[in-house]
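> Heads up: the first sequence runs through residues 7 to 182, numbered per the working numbering. The beta-carbon is built from N, C-alpha and C at its ideal position, and this holds for glycine as well. If you scroll down you'll find the structure; I have some questions about it.
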Amino acid sequence: MARELLGARLVSTVGGVRTVGVIVECEAYEGLDDPASHAATRTGATERNRAMFGPAGHAYVYRIYGMHWCVNVVTGRRDDPQAVLLRGVEPLEGEVEMSRRRRGRKPLAAGPGRLCEALGVDGALYGHDLRHPPLVLAPGWVVPDDAVGVSGRIGVRAAAERPYRFFVRGSAGVTR
DNA sequence: ACTCCGATTGTT
DNA sequence: ACAATCGGAGTA
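This is the structure in structure tokens:
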């Protein structure tokens, strides 16, 4: 599922301003059987992770380190809490606005926290249906297999070795 | 009630 | 290499 999100467009009209990016890096979180997931079996459904237990195509947004936002696309069916963390996009439209939101810092949208800041994503979009504005997951381009890299997940302790991170080789929107 | 620490980022 | 910054989750 995560692999297929590469090349998709993320269209934000938060604040009435249009900013668009192509997804070039993401990570899969397998829910119940995945110790790194916020929806691992031990915890079950909680106030924070309940969006992941809902239908696919909605946003699971959470705060990390008390200061950054991260956004996931829920990919499992109801009660199957799978999700894909969006880790990086390449700007397509509204690069000036993205830079303004980022207060001139670079990189612009490489990294989950930076991506959210650049596109104006925050807790107000918790559980949001990504078929509708102000945040839409739209078709983009098919990324050929030879352009896709795979690796372990970044920043996690548990099950970090699982090959669940997918990225577009050589893209400026990919971290590290 | 209290402690630990994180799916990160920016600066030293 | 390390600080910033705070709420979720586990323990008591």
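Between the C-alpha atoms of Pro-118 and Arg-9, what's the straight-line distance to the nearest angstrom?
The residue given as residue 118 occupies position 112 in the first sequence. The residue given as residue 9 occupies position 3 in the first sequence. For Pro-118 and Arg-9, the distance between alpha carbons rounds to 17 Å.
> Have a look at the DSSP bridge pairing and note the partners of His-74.
Within the first sequence, residue 74 is the residue found at index 68, counting from 1. Ile-70.
> Using the Cβ count rule (16 or more neighbours within 10 Å means buried), how would you classify Ile-29?
The residue you call residue 29 lines up with position 23 of the first sequence. Ile-29 should be labelled buried.
> On the criterion of 16 or more Cβ atoms from any shown chain inside 10 Å, does Tyr-35 qualify as buried, or is it exposed?
As a first step, residue 35 must be located in the first sequence, where it is residue number 29. Flag for Tyr-35 reads buried.
> Buried or exposed: Glu-53, going by 16 or more other Cβ atoms within 10 Å of its Cβ?
Residue mapping note: residue 53 aligns to position 47 of the first sequence, counting from 1. Glu-53 should be labelled exposed.
> With distance defined between alpha-carbon atoms, name the residue in His-74, Leu-38, Tyr-68 and Gln-88 nearest to Pro-61.
Along the first sequence, one-based indexing puts residue 61 at 55. That would be Gln-88, whose Cα lies nearest to the Cα of Pro-61.
> Determine the DSSP secondary structure at Leu-136, reduced to helix, strand or coil.
Taking the first residue of the first sequence as 1, we reach residue 136 at position 130. Three-state DSSP puts Leu-136 in coil, outside helix and strand.
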